[in-house]
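The sequence shown begins at 1 in full-length UniProt numbering and counts up one residue at a time.
A virtual CB, placed ideally from N, CA and C, is assigned to each residue, including glycine.
This report refers to the structure that appears directly beneath it.
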Amino acid sequence: MTQAKHQAGFVNIIGKPNVGKSTLMNILVGERLSIISSKAQTTRHRILGLTNSENYQIVFSDTPGMLKPQYELHKNMMSFVNISLEDADVILFVTDLYETDEEIEEVIEKINNSGIPVILVINKIDLAKEGQLETVTEYWTSRIKSSVVIPISAGEKFNTDKIMQEILERLPEHPAFYDKEELTDRSERFFASEIIREKIFNNYKKEIPYSSEVNIEEFYVKNKIIRIRATIYVERDSQKGIIIGDKGKAIKKVGMEAREELEKFFGKQVFLETFVKVEADWRKNKLKLKKFGYDPT
């Protein structure tokens with residue numbers, strides 16, 4: 001009796017900031033693993049999400065948006081992108097109706113020279129004006145060597161099924177890389193910090209979200225309650241005051257929203273404590289970045 005073939009491989013999602021990579025990742029995995037914000041540069045780490053069936057395992061990888069680095073943090077984020085180009089079996093290059101290849105020409109050249117199958121995904125087509133999709137498609141197909149172009153609306157979940165079909169046509173035969181019961185390679189602490197960071201992105205303006213980092217000091221599970229103690233780090237004393245807000249109102253709002261999201265995510269009651277500390281210029285310091293888990297090599 002012939003054994004049924006099993007496919008497995010790494011499908012890495014790459015693109016500029018704010019084109020909808022994280023929304024798409026969550027749709028394809030079927031779980032909310034990547035945090036989402038209307039602000040660019042929300043994703044800072046490479047996050048793996050697994051889609052399993054009897055005959056295949058797809059290891060999706062959501063990467064930070066491609067950008068021209070201005071800080072050590074940006075360099076670190078871009079190194080996650082470069083690593084994802086090295087181990088990909090399939091690349092999902094995600095763009096939208098508004099982005100160009102400006103500032104990412106070098107990465108595009110690497111993609112085109114990699115020999116890895118590329119699926120070009122054009123997002124936000126629900127916003128397209130007459131003739132705009134055709135123009136955008138022509139632009140990107142002249143720059144990216146892709147085997148197929150898929151126009152989608154991740155927000156509306158339109159045409160995303162087509163992506164799965166195209167991936168499976170290109171996925172190599174291979175045993176599963178991870179236990180089929182697993183959903184991601186990341187820890188519960190990591191997702192707790194990401195959920196809190198998402199609420200910071202959604203509640204503060206200007207430089208505050210980009211200057212903030214969240215560290216989970218304590219994650220303790222007992223029966224049906226999770227106790228979490230989190231520290232929000234900022235770069236300056238003035239930012240600490242903004243995070244806390246008048247009479248602590250701002251940090252209280254972040255804590256309430258984060259706790260609600262954490263309870264949905266973990267399916268348990270959550271007791272959350274948040275503190276704010278200053279870690280001067282952490283985005284520019286390699287040792288401080290390593291302390292916060294930015295160490296892709």
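| Local Cβ density within 10 Å of Val11, reported as buried at 16 or more and exposed below that | The residue in question, Val11, is buried, as its Cβ has 16 or more Cβ neighbours within 10 Å.
| task | Quick one: residues in its chain with C-beta nearer than 6 Å to the C-beta of Ile228, no 5 flanking neighbours on either side, listed in chain order? | result | Excluding positions up to five away in sequence, the list reads Ala192, Phe219, Leu272.
| said: What does the Cβ neighbour count give for Ala230, buried or exposed, with the cut at 16 atoms within 10 Å? | reply: So Ala230 ends up on the buried side.
| field | Between the CA atoms of Gly241 and Glu235 - distance to the nearest angstrom | value | Whole-angstrom Cα-Cα distance: 11 Å.
| Rounded to a whole number of angstroms, what is the C-alpha to C-alpha distance between Ser22 and Ile163? | Using only the alpha carbons, I get a separation of about 15 Å.
| Thr274 by DSSP, collapsed to three states: which one? | Correct three-state label for Thr274: strand.
| request: Tell me whether the beta-carbon of Asp89 lies closer than 8 Å to the beta-carbon of Leu168. | output: Contact flag unset, no.
| query | Do you know how far the Cα of Ala128 is from the Cα of Ser211? | reply | Straight through space, the alpha carbons of Ala128 and Ser211 are spaced by roughly 34 Å.
| query | Would you call the stretch 144-154 and the stretch 174-189 touching, i.e. three or more CB-CB distances under 8 Å? | reply | Counting C-beta pairs with one atom in each stretch, the stretch 144-154 and the stretch 174-189 have fewer than three that are closer than 8 Å, which means they do not touch.
| said: Restricting to Cα atoms, I'd like to know which of Thr63, Ile244, Ala258 is closest to Val278. | reply: The shortest Cα separation from Val278 among Thr63, Ile244, Ala258 belongs to Ile244.
| task | Could you name each continuous beta strand (DSSP E) segment of 3 residues or more that falls completely within the UniProt domain "KH type-2" (196-280), going from the start of the chain to the end? | result | Counting only runs of 3 or more, we get 213-222, 225-234, 269-278.
| field | Beta-carbon spacing of Lys253, Asn203 below 8 Å | value | Against a cut-off of 8 Å, the Cβ pair of Asn203 and Lys253 comes out as a contact.
| task | Look at the Cβ atom of Val94, then the Cβ atom of Asn113, and state whether they are nearer than 8 Å. | result | No; because the gap between Cβ atoms is not below 8 Å, this pair is not in contact.
| request: Measure from the alpha carbon of Phe60 to the alpha carbon of each residue in Ala8, Lys110, Glu99, then state which is nearest. | output: Out of Ala8, Lys110, Glu99, Ala8 has the C-alpha closest to the C-alpha of Phe60.
| field | CB of Ile196 within 8 Å of CB of Ala280, strictly | value | It is not a contact, given that the beta carbons lie outside the stated cut-off.
| request: With a threshold of 16 other CB atoms inside 10 Å of the CB of Leu287, please say whether the residue is buried or exposed. | output: By the 10 Å Cβ count, Leu287 comes out exposed.
| query | DSSP puts Leu120 in a beta bridge; with which residues? | reply | DSSP, once it has assigned bridges, lists Phe93, Val149 as partnering Leu120.
| When we look at the beta-carbon of Asn26 and count the other beta-carbons within 10 Å, is it buried (16 or more) or exposed? | Under this definition Asn26 is a buried residue.
| query | Under 8 Å, do Val19 and Asp96 count as touching if we go by C-beta distance? | reply | Their beta carbons are under 8 Å apart, which means Val19 touches Asp96 by this criterion.
| By how many angstroms is the C-alpha of Leu289 removed from the C-alpha of Glu99? | C-alpha separation (whole angstroms): 29 Å.
| message | Mapping the DSSP letters down to three states, classify Val59 as helix, strand or coil. | response | The DSSP-derived three-state label of Val59 is strand.
| Beta-carbon spacing of Lys145, Val107 below 8 Å | In this structure, Lys145 keeps its C-beta atom at 8 Å or more from the C-beta atom of Val107.
| request: Excluding the 5 residues preceding and the 5 following Asp101 in the sequence, name in chain order all residues of the same chain whose CB lies nearer than 6 Å to its CB. | output: Excluding residues within five positions, the ones whose Cβ falls inside 6 Å are Ile108, Arg143.
| field | Residue(s) in a DSSP beta bridge with Asn52 | value | Answer by DSSP bridge pairing, in chain order: Gln57.
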